[in-house]
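These notes concern the structure reproduced below.
Number of protein chains: 2
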Amino acid sequence: MLEEYFKSLLNKKLPENLYNPIDYILQQGGKRLRPNLVRMSAKMFGADENAVRNVAAAFEMLHNFTLIHDDIMDEAPIRRGKPTVYKKWNGNVAILAGDALATLSMQEMLKTPAPAETVLQLVNLLGKTCIEVCEGQQLDLDFETCDDVTIDDYIEMIRLKTAVMLAGCLKAGALLAASPASDAEHVYNCGIYLGLAFQLRDDLLDVYADEAEFGKMIGGDIKENKKTYLFLRALNDSSEEQHEKLRFFFSSDNVDFEEKFSAIKQIYSDLDIKAKTESEILKYVESSFDELSQVHVADSLKNELKGWIEQLTFRNK
Amino acid sequence: MLEEYFKSLLNKKLPENLYNPIDYILQQGGKRLRPNLVRMSAKMFGADENAVRNVAAAFEMLHNFTLIHDDIMDEAPIRRGKPTVYKKWNGNVAILAGDALATLSMQEMLKTPAPAETVLQLVNLLGKTCIEVCEGQQLDLDFETCDDVTIDDYIEMIRLKTAVMLAGCLKAGALLAASPASDAEHVYNCGIYLGLAFQLRDDLLDVYADEAEFGKMIGGDIKENKKTYLFLRALNDSSEEQHEKLRFFFSSDNVDFEEKFSAIKQIYSDLDIKAKTESEILKYVESSFDELSQVHVADSLKNELKGWIEQLTFRNK
């Protein structure tokens, strides 16, 4: 299990104030989506199993580093049902713990038992992923104060902030198996489309999930005036009157939340935003499958990944 | 020039809000101590000149990443006579710019035109340096609220926070030249002792520099109750009465600075702290030279580095 492995990595490391917050976030679990993508891809391409753990751990560490720093920037108090590092300790601890975790991620990748050239490719992939996630996070911050974000801008932002890491995990499996460059690119693109579909599903669930099943508050994005795909699509498709209403509700913090949520939901319903978003998700899933179909391994080996992609992008929670 | 090279690296990169702060700090110059150490070491070991720039740039970028994040943690408004990134923009921009710069540093190292095994050694060195600097920074933060910091604790903190990066720069030259492991270790240790001497000189200059020549305020460490070598040594060597006075002045923010500075300086003078610190610096410089003497290259090739070590550790500003 990854938890035990992370425990062993951090065992007795000092200073405690640096490593305790890292241990805290790595032990929280979460979906472990990225390690699973690495594992599935490595298996599909027939990579050496012994090398998978380092790569899977490296991506999971990179992901958690971004969470620690994002939570400072968003002043987020809770993640996975527990106080964020920033809240449980403080901003300085969270900055430094994130810095160290990003470095540990790279060190983990460097430990991968593979030829030097392969390890270099993997570390390059990790670096490219990390810089693009930073770019995506900056765009996300920029969008908060920008009034003319387009749907294309938004897709580019989530490509960087969310999709490239899922794509990187899938590509890593191809690199580990020394598969042809074209296979590595196709599985990478498969991950990009998966990531876009995954994020749009996230946007959709914020409004249409069953609260009990979803496990977190419905309408959080609307409450925080987040420019999600649903909002931007509604803005794009709206009449002048609807446009003004959307602008009004998304620029005011003083409106009663129930009132705001139901007004927005009514506009979404009038504009058929749910179906439009679902159709967009379907398009991305099809593109993802199309990229996967161009990977040169037996179809039977692709089924596990295909199943996962369907599960992630058509999930209810 | 490194400035031009940094300009070319960042040219037209987007989003601007991510890359402008990075450009801002990299164009400020500073001593460029770390790139110079890489260059001198590479030359001494006879490494390929074409590979030096990437390595030098990588270490300078890593150093500037630590400055950006340290300035948030210290709430420092000014660095190199200009507003810090944290102050000129804000905390979120500084967190993300630092994250991206650390990643760019690794990517820069990966570009080094050298055999794969060498590049892996260099990236490993960079990662080890980065994690140790984080550990040193955490210890520094811990010491702020710790009343029983020993001189040994302090030396360990500055070894991590300051010395390992100088040592890493020197070791990188040996790695680039594929020199024997023992040479790489000796030049690394040479850098550790250089770093310790360098930091003790810094501590000394805070109290005894000529303000005009030093170019910054004298007594800044005393004003901020920083536990420097001088303070810890004084605490260690003091009578009960002096001990109480030191504790009093270093736990109060409400005392008039002139009064505090002159009282502390008097205790330092009574305890001969200046001479004791200078003698400690001399010991470290001798150890540094001793390590350098064990490096297997012609003595004539060591002169430039030796001259630099003397200049850095016996400097007046």
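Residue numbers (this note's numbering), protein chains in the order written: chain L, 1 to 317; chain C, 1001 to 1317. By construction, the Cβ of each residue, glycine as well, lies at the ideal position given by its N, Cα and C atoms. Nothing here was measured: the structure is a model prediction, and the numbers come from that model.
Interface annotation, C:Asp1099: in contact with chain L, CB-CB separation under 8 Å. Contact check for C:Ala1298 against C:Tyr1268 fails: the beta carbons are separated by 8 Å or more. Within 10 angstroms of the beta-carbon of C:His1063 lie 16 or more other beta-carbons, which makes it buried. Taking a contact to require three or more Cβ pairs closer than 8 Å, the region 99-108 of chain L and the region 1130-1148 of chain C qualify as touching. Just so you know, the alpha carbons of L:Gly127 and C:Cys1130 end up roughly 15 Å apart. Pairing L:Asp203 with L:Leu160 gives a Cβ-Cβ distance that is not under 8 Å. The C-beta distance from C:Gly1215 to C:Lys1087 rounds to 19 Å, too long to fall under 8 Å, and the pair is not in contact.
Scanning L:Asp206, L:Ala197, L:Trp89 and L:Ser251 for the CA closest to the CA of L:Pro21 turns up L:Trp89. Distance from the CA of C:Asn1036 to the CA of L:Cys134, rounded to the nearest whole angstrom, comes to 30 Å. Around C:Pro1083, the same chain offers Pro1077 as residues with beta carbons nearer than 7 Å, after the five sequence neighbours per side are excluded. When DSSP reads this structure, C:Ile1309 sits in no beta bridge, so it has no partner.
Proximity of L:Cys169 to chain C, defined by a Cβ-Cβ separation below 8 Å, is not satisfied. With respect to chain C, the C-beta atom of L:Glu117 has a partner C-beta closer than 8 Å. Among the residues of chain C, those whose CB is under 7 Å from the CB of L:Glu135 are Pro1015 and Leu1018, following chain order. In the assembly as shown, L:Phe314 is an exposed residue. Its beta-carbon has fewer than 16 other beta-carbons within 10 Å.
Residues of the region 59-79 of chain L with a Cβ closer than 7 Å to any Cβ of chain C, in chain order: His69, Ile72 and Met73.
Here C:Gln1121 has Leu1175 as same chain residues with Cβ atoms under 6 Å from its own Cβ, once five neighbours each way along the sequence are excluded.
Three or more beta-carbon pairs separated by less than 8 Å link the region 1160-1173 of chain C to the region 1025-1039 of chain C, which places the two stretches in contact. Note on L:His296: under 16 other CB atoms within 10 angstroms of its CB, so exposed under the neighbour-count rule.
Contact between C:Gly1168 and C:Phe1250 does not hold, since the beta-carbon distance rounds to 33 Å and is not under 8 Å. In the assembly as shown, L:Gly81 is an exposed residue. Its beta-carbon has fewer than 16 other beta-carbons within 10 Å. Note on the region 1064-1094 of chain C: there is no whole beta strand (DSSP E) run with a minimum of 3 residues. Inter-residue distance for C:Lys1306 and C:Ala1178 is about 22 Å (C-alpha atoms, whole angstroms). At a cut-off of 8 Å between beta-carbon atoms, L:Thr84 makes no contact with chain C. Considering only beta carbons, no part of the region 1023-1055 of chain C lies closer than 7 Å to chain L. Taking all protein chains in view, the Cβ of L:Thr150 is surrounded by fewer than 16 other Cβ atoms within 10 Å, so the residue is classified as exposed.
With respect to the 8 Å criterion, L:Ser288 and L:Ala197 are classified as neighbours on the basis of their beta carbons. Against chain C, the beta carbon of L:Met106 has neighbours under 7 Å at Met1106 and Gly1127, listed in chain order. Residue range Glu1240 to Phe1249 is occupied by the alpha helix (DSSP H) that includes C:Gln1242.
The alpha-carbon separation between L:Glu144 and C:Leu1067 amounts to approximately 27 Å.
When C-beta distances to chain C are compared with 8 Å, every residue of the region 277-309 of chain L stays at or above that value.
Taking C-beta atoms as the reference points, C:Gln1028 and C:Phe1006 fail to come closer than 8 Å. In the assembly as shown, C:Lys1302 is a buried residue. Its beta-carbon has 16 or more other beta-carbons within 10 Å. For C:Ala1102, the closest Cβ of chain L is nearer than 8 Å.
Look at C:Leu1301 here: in three-state DSSP terms it is helix. Only buried fits C:Phe1045, as 16 or more other CB atoms lie within 10 angstroms of its CB.
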